[in-house]
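Everything on this sheet refers to the single structure shown next.
Residue numbers (the working numbering), protein chains in the order written: chain A, 1 to 152; chain B, 153 to 304.
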């Protein structure tokens, strides 16, 4: 059975966003899903996504972690309320802060895997930690803090 | 007099990098220069650089801050050694960590300004703080920590 892809159900980011919008032809178009308690994303860079040759750009690593943890946070909020992903009223979270530690160079040829886990879900605030893996090795890790805002 | 643009002199990032490579046709192609003690970059987003409509994507904000602070760090290292930017042997710095606080939505129409300042330059490590401004208002701030590596 195909997993439920978060971005197919989360508006407005799931459509427009440079990182996770499925309709953004210039964007990264990441797709995330649950594997148990972990939000998982597999993604392969394009040749122009480098920093120095052969190494994935650090800002795009931050973009992957931001969007994947944001979508995981939002999916976790629906799950916590026992509601189907994307059901009305829509839950919308924005990034309050993002921290990334770059552990070693991330090869730009991919494929890459992101694995995210909710650390804390309290009130309107959700904290999610995420590992970026290349060939099973962790090359970067990050933490995003997200805050619920009114849907527009 | 035209200011010296950091990216015109810093290899390998200044050519290839998604954020600051001047030859990366798909990239952000930011250009940074000194204004006194501050590294400054002015940049206008493209329509596809959004998160939600009208708002700049948070990952790209991280990318702007990462690349602009990295180039400012490297320029500061040359300056500290009293050497022309990009002179041999090349100084190359990579990001060890990046933190971004998102203070308010950053409008996606631009123009935007980044202003960065070295906080600490000690041994092989440089810490740079940066403000992102839209219409003179600070919408995000970040801190990058950079470590010198051997040039390849």
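Backbone N, C-alpha and C fix where the C-beta goes; we use that ideal spot for every residue, glycine too.
Between residue 248 of chain B and residue 301 of chain B, the C-beta gap is not smaller than 8 Å, which leaves the two residues out of contact. Taking the CA atoms as reference points, residue 259 of chain B sits about 40 Å from residue 240 of chain B. With respect to the C-alpha of residue 280 of chain B, the residue from B:204, B:209, B:234, B:246 having the closest C-alpha is B:246. Counting along the chain, residue 95 of chain A sits inside the beta strand (DSSP E) bounded by residues 92-102. Within its own chain, the residues whose Cβ lies closer than 6 Å to the Cβ of residue 69 of chain A, once the five positions on either side in sequence are excluded, are 116, 128, 130, 144, listed in chain order. Within chain B, no C-beta atom comes nearer than 9 Å to that of residue 23 of chain A; the closest sits roughly 10 Å away. In this structure, the beta-carbon distance from residue 200 of chain B to residue 26 of chain A falls below 8 Å. Beta-bridge annotation (DSSP): residue 71 of chain A is not paired with any residue.
Note that the C-beta distance between residue 225 of chain B and residue 270 of chain B is below 8 Å. Burial state of residue 136 of chain A is exposed, judged by a 10 Å Cβ sphere holding fewer than 16 other Cβ atoms.
Among the bridge pairs identified by DSSP, residue 113 of chain A is matched with A:42, A:133.
In this structure, DSSP gives residue 25 of chain A a state outside helix and strand, which the three-state scheme calls coil. Contact between residue 114 of chain A and residue 66 of chain A is absent: CB atoms are separated by about 11 Å, not below the 8 Å threshold. Residue 184 of chain B is bridged by DSSP to B:193. When beta bridges are read from the DSSP output, residue 212 of chain B appears opposite no residue.
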